[in-house]
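Protein chains in written order, with my numbering: chain A, 1 to 200; chain B, 1001 to 1200. Beta carbons: idealized from backbone N, C-alpha and C, even for Gly. Only a predicted model underlies this, so the values are computations on that prediction, with no experimental measurement involved. What follows is a short report on a single structure.
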DNA sequence: AGGAACGTAGCACGGCCGTGCTATAAAACG
DNA sequence: CGTTTTATAGCACGGCCGTGCTACGTTCCT
């Protein structure tokens, strides 16, 4: 058979197939057979790229986490702390179809990570990255006088709010529009500024 | 064989067995066989109480949701709005082993509900109940001058914070102690009061 | 006392699963 | 051109799964 694409691309395609199956049928149906079929390959061929199912799943989860981390890194440009914070945070919310899809599979993997050590390590990595991002945002706001001085406490609150909104968006996409999600973040940032100017 | 317990109790026991299996091995291992073994029954006997696996799973999920709803209902006693709010909210957090266990299986079921219509209906019921509870709390605080006047927006924020904290507690039980979770809620309630007295 | 309903157990069928193995053809390389 | 590597396909084994069915003892009701 001809080499039609390079191996790395094939692995990406297979990861994408995994995500499609998970979204459509759930993580429990993301079997080697189903994923191979989704990608238009035979089982044997898939196993040429991933020697085990867990390797395939881990790779698929990694791609999701990497995409989330990449969004966090995109904080160039904007220099005003408030707008900068809002820009980054909104970027992380599931506002369009792509991010909604990622968010759904993130939730599925996160749940399974409770009993799968490999996935757990990846999930923790993503958790830490997001928390660090939240901390950086809060610290910057705090330094600019736009958030309370207790950075750890406000990091906890912002991080929980962000993931809570993501979970809610996955559970009830009808009730959580792009606008309402973004508005919730915006309101929280406003609130932080008010708290600082008043309480601390 | 003798009737040793009444059927309703047996169903409760089986639901409890489901939850234990889910916590230990994950939802994907909560098969009829494994649950029957966990409960010390034969498959055939289990099927006397639940004619299908989905019925068993739905029942188990219901028991979790009912427990959460029951906590929301326990709002008698305390009359001071602030303390009342804190009491109820803290009750909902996974602060002890029992609530942590519930929280973990809630997460597992919630993820599966994305592709299982029966579970989705139950999950939505729980979501609505929790949101209504949050709304009632925010409304009461707002009326007492202890929270901003925009009740829907603050309900969204409080609800997301609550579920976000629960998810984080499930993901990283080591990083989220009972104290830190309760402190996050307490801080948020303080913040609401500050916002009201300042911003609105 | 005797039949009906209940609770428990166990088996067997068909299905999906992950993975090890072999075969084959294209490509890469010497 | 021949050989080795790579990519693809397919099969078969053993395992777990849900569920339908039968059997058997116990309890209950009349």
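Close-in-space but distant-in-sequence residues of the same chain around residue i (CB under 8 Å, 5 per side omitted)
{"i": "residue 184 of chain A", "result": "161 and 165"}
{"i": "residue 1035 of chain B", "result": "1014, 1017, 1018, 1021, 1046 and 1056"}
{"i": "residue 1011 of chain B", "result": "1049, 1050 and 1059"}
Burial state of residue i (16 or more Cβ within 10 Å)
{"i": "residue 117 of chain A", "result": "exposed"}
{"i": "residue 2 of chain A", "result": "Caution applies to residue 2 of chain A, whose pLDDT of 45 falls short of 50 and renders its modelled position unreliable; the model cannot decide the point."}
{"i": "residue 1007 of chain B", "result": "exposed"}
{"i": "residue 195 of chain A", "result": "buried"}
{"i": "residue 163 of chain A", "result": "buried"}
{"i": "residue 1005 of chain B", "result": "exposed"}
{"i": "residue 1033 of chain B", "result": "exposed"}
{"i": "residue 24 of chain A", "result": "exposed"}
{"i": "residue 1030 of chain B", "result": "buried"}
{"i": "residue 1060 of chain B", "result": "buried"}
{"i": "residue 38 of chain A", "result": "buried"}
{"i": "residue 126 of chain A", "result": "buried"}
{"i": "residue 131 of chain A", "result": "buried"}
{"i": "residue 42 of chain A", "result": "exposed"}
{"i": "residue 1097 of chain B", "result": "exposed"}
{"i": "residue 192 of chain A", "result": "buried"}
Residue-chain proximity (residue i, chain A), Cβ-Cβ < 8 Å
{"i": "residue 1013 of chain B", "result": "no"}
{"i": "residue 1160 of chain B", "result": "yes"}
{"i": "residue 1019 of chain B", "result": "no"}
{"i": "residue 1195 of chain B", "result": "yes"}
{"i": "residue 1049 of chain B", "result": "no"}
{"i": "residue 1167 of chain B", "result": "yes"}
{"i": "residue 1191 of chain B", "result": "yes"}
{"i": "residue 1031 of chain B", "result": "no"}
{"i": "residue 1156 of chain B", "result": "yes"}
{"i": "residue 1002 of chain B", "result": "Residue placement at residue 1002 of chain B is flagged as unreliable, the pLDDT there being 48, under the threshold of 50; the coordinate-derived value follows with that caveat. By this cut-off, residue 1002 of chain B is not an interface position."}
{"i": "residue 1054 of chain B", "result": "no"}
{"i": "residue 1180 of chain B", "result": "yes"}
{"i": "residue 1064 of chain B", "result": "no"}
{"i": "residue 1028 of chain B", "result": "yes"}
{"i": "residue 1171 of chain B", "result": "yes"}
{"i": "residue 1198 of chain B", "result": "yes"}
{"i": "residue 1083 of chain B", "result": "no"}
{"i": "residue 1016 of chain B", "result": "no"}
{"i": "residue 1123 of chain B", "result": "yes"}
Terminal residues of the alpha helix (DSSP H) in which residue i lies
{"i": "residue 1143 of chain B", "result": "1117–1143"}
{"i": "residue 14 of chain A", "result": "7–25"}
{"i": "residue 1203 of chain B", "result": "There is no way to answer for residue 1203 of chain B, as the model of chain B reaches only from 1001 to 1200."}
{"i": "residue 48 of chain A", "result": "43–49"}
{"i": "residue 55 of chain A", "result": "53–73"}
{"i": "residue 1089 of chain B", "result": "1081–1092"}
{"i": "residue 216 of chain A", "result": "Only positions 1 to 200 of chain A appear in the structure, and residue 216 of chain A is not among them; the question remains open."}
{"i": "residue 1030 of chain B", "result": "It is not in any alpha helix (DSSP H) - residue 1030 of chain B carries neither H nor E in the DSSP assignment."}
CB contact check: residue i to chain B, cutoff 8 Å
{"i": "residue 164 of chain A", "result": "yes"}
{"i": "residue 25 of chain A", "result": "yes"}
{"i": "residue 110 of chain A", "result": "yes"}
{"i": "residue 93 of chain A", "result": "no"}
{"i": "residue 107 of chain A", "result": "yes"}
{"i": "residue 102 of chain A", "result": "no"}
{"i": "residue 142 of chain A", "result": "no"}
{"i": "residue 115 of chain A", "result": "yes"}
{"i": "residue 97 of chain A", "result": "no"}
{"i": "residue 153 of chain A", "result": "yes"}
{"i": "residue 188 of chain A", "result": "yes"}
{"i": "residue 60 of chain A", "result": "no"}
{"i": "residue 184 of chain A", "result": "yes"}
Contacts around residue i, its chain only, beta-carbon distance under 7 Å, and the 5 residues preceding and following it disregarded
{"i": "residue 87 of chain A", "result": "78"}
{"i": "residue 1186 of chain B", "result": "1086"}
{"i": "residue 1081 of chain B", "result": "1140, 1141, 1144 and 1146"}
{"i": "residue 90 of chain A", "result": "182 and 185"}
{"i": "residue 1071 of chain B", "result": "1091 and 1092"}
Same chain, Cβ closer than 6 Å to residue i, five either side skipped, listed in chain order
{"i": "residue 170 of chain A", "result": "103, 104 and 107"}
{"i": "residue 134 of chain A", "result": "155, 158 and 159"}
{"i": "residue 1123 of chain B", "result": "1110 and 1113"}
{"i": "residue 1093 of chain B", "result": "1181"}
{"i": "residue 1100 of chain B", "result": "1094"}
{"i": "residue 151 of chain A", "result": "138, 139 and 142"}
{"i": "residue 178 of chain A", "result": "95"}
{"i": "residue 1190 of chain B", "result": "none"}
{"i": "residue 120 of chain A", "result": "113"}
Just checking, does the segment 141–156 of chain A make contact with the segment 1135–1146 of chain B on the three C-beta pairs under 8 Å criterion?
-> no
Is there contact here, the segment 1050–1070 of chain B with the segment 1006–1015 of chain B, by at least three beta-carbon pairs under 8 Å?
-> yes
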